[in-house]
Amino acid sequence: MFAHFAFALGLAAILAAGGALASSRLVFHPKPRKAGDHQFYRDSVGLLERPVPTGPLEGAVDLGRVSPRDYETAARKITAPASSRLKRCLDIALSFGLVFCLSPLLVMTVLAIRLDSPGPVLYRQRRVGYGGREFEVIKFRSMFVGSEPHGPQYAARKDPRITRVGRFIRKFRIDEIPQAINVLRGDMSFVGPRPERPEFVAALEREIPNYHCRHLVKPGITGWAQVKYEYAASVEGARTKLRYDLYYIRHFSPALDLLIVLMTVRVALFGLGGR
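Per mature numbering (1 follows the signal peptide of the UniProt record, and there is no 0), the sequence shown runs over residues -22 to -1, 1 to 253.
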């Protein structure tokens, strides 16, 4: 557990070093490329957006040394009866605690969404979960109705599809809170790799070897990649997040889950990494 806290403290050093990275390590502002019936973002052209470290990262694995069999073995420890029951108990306790403690905020969010733009308060969307199976995730609606006429696409900075209230609730991760329902249903865990949309998963699995390994465990409301890295809208961003997701699978423990929950509180309070 102390090692995990050391990783958390090392985050500041990682961010500070970001500005000194060579230009070969920079990810560029993505432009969409048509892939099937959806817009998929690539990192090879466009305007400079942000540095992405490609060397050793604290709390991340080397994708060049990933063996799917190793992660299948690690995932079996998480899904083993004893570990699974303990994680399920924590999931239920954390989900009820989240909803109970934030119930006044949830009521205000419902009213704000109603007053801000026409449409439903809750938004349902297909995501890929445990074992590659699809399920319907529940979120507070943060975009205008009918905002994807040409198919799924990542959110961009200052995205015009996002409502005024939506911009606020996305920044502080309030839009994710209804996923406590998904946790109670058993579709998700409180902590785990974030579930992606089927269209993005199909494209990323073609671009990134062993991307499917992140589906060896249940997806989560929050995860190691979410507290260690910001929103990813490129192949390289997804690759970096996979390094953190696989680290989580390999080093899972209740102590690491607790650390992630505590770090998530900091991320949410300061509105870090949202889009």
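We put the beta carbon where it would ideally sit given N, CA and C, even for glycine.
Distance, residue j Cα to residue i Cα
| i | j | result |
| --- | --- | --- |
| CYS79 | SER231 | 25 Å |
| MET241 | ALA216 | 20 Å |
| GLY249 | LYS149 | 5 Å |
| GLU183 | GLY110 | 11 Å |
| ILE91 | VAL123 | 12 Å |
| TYR132 | ILE159 | 24 Å |
| PRO197 | SER95 | 30 Å |
| ILE116 | THR51 | 31 Å |
| LEU84 | SER167 | 20 Å |
| SER81 | ALA53 | 34 Å |
| PHE118 | LEU93 | 14 Å |
| MET86 | PHE146 | 13 Å |
| LEU247 | ALA181 | 33 Å |
| CYS67 | LYS136 | 39 Å |
| SER61 | GLY37 | 22 Å |
| LYS55 | HIS190 | 18 Å |
| ALA211 | ALA134 | 8 Å |
| ARG63 | ARG102 | 28 Å |
Short Cβ contact (8 Å threshold) for residue i with residue j
| i | j | result |
| --- | --- | --- |
| ILE70 | LEU162 | yes |
| ASP223 | ARG192 | yes |
| ARG228 | TYR108 | no |
| GLY170 | VAL143 | no |
| VAL179 | VAL106 | yes |
| ARG221 | LEU35 | yes |
| VAL218 | TYR209 | Residue identity check: residue 218 is Thr in the sequence provided, not Val. Not closer than 8 Å, so no. |
| ASN188 | PRO46 | yes |
| SER125 | ARG104 | no |
DSSP-derived helix/strand/coil call for residue i
| i | result |
| --- | --- |
| GLU208 | coil |
| TYR101 | strand |
| ILE140 | strand |
| GLU154 | helix |
| GLU185 | helix |
| GLY24 | Legend: pLDDT at GLY24 = 32, less than 50; position of this residue unreliable, value from coordinates given subsequently. Note: GLY24 maps to coil in three-state DSSP. |
| ARG11 | Only weak support is given to the placement of ARG11: the predicted model assigns it a pLDDT of 42, under 50, and the question is left unresolved by the model. |
| VAL44 | coil |
| VAL106 | strand |
| LEU250 | coil |
Proximity to residue i [Cα-Cα], best of the options
| i | options | result |
| --- | --- | --- |
| GLY42 | VAL143, SER81, SER212 and ILE186 | ILE186 |
| ARG175 | THR57, VAL88 and PRO130 | PRO130 |
| PHE113 | GLN157, MET121 and LEU72 | GLN157 |
| SER120 | ARG105, ILE155 and HIS128 | ILE155 |
| VAL245 | ASN188, VAL213, GLN204 and ASP153 | GLN204 |
| THR141 | PHE178, GLY97 and LYS55 | GLY97 |
| VAL99 | VAL88, GLY107, ARG105 and TYR108 | VAL88 |
| ARG151 | SER125, ILE199 and GLU214 | ILE199 |
| ASP153 | VAL77, LYS219 and ALA210 | VAL77 |
| ASP40 | ILE147, TYR226, TYR101 and PRO59 | TYR226 |
| LEU234 | PRO59, PRO46 and LYS65 | LYS65 |
| GLU177 | SER61, TRP202, GLY201 and HIS128 | HIS128 |
| TRP202 | ARG135, PHE74 and VAL243 | VAL243 |
| PRO236 | ALA211, SER62, ARG47 and LEU72 | At residue 236 the sequence reads Leu, which differs from the Pro that was named. When only C-alpha atoms are compared, the closest one is LEU72. |
Residue i, enclosing alpha helix (DSSP H) - first and last residue
| i | result |
| --- | --- |
| TYR226 | 213 to 228 |
| SER167 | No alpha helix (DSSP H) contains SER167, which is instead part of the beta strand (DSSP E) from 167 to 169. |
| GLY198 | Where GLY198 is concerned, there is no enclosing alpha helix (DSSP H), although the beta strand (DSSP E) it sits in stretches over 198 to 200. |
| MET241 | 232 to 247 |
| PHE78 | 59 to 79 |
Distance cut-off 7 Å: residue i Cβ against heavy atoms of the ligand SAM
| i | result |
| --- | --- |
| LEU240 | The ligand SAM is not part of this structure, which contains no ligands at all. |
The beta strand (DSSP E) enclosing residue i, as first and last residue numbers
| i | result |
| --- | --- |
| residue 265 | No answer is possible for residue 265: it lies beyond the span of the chain, which begins at -22 and ends at 253. |
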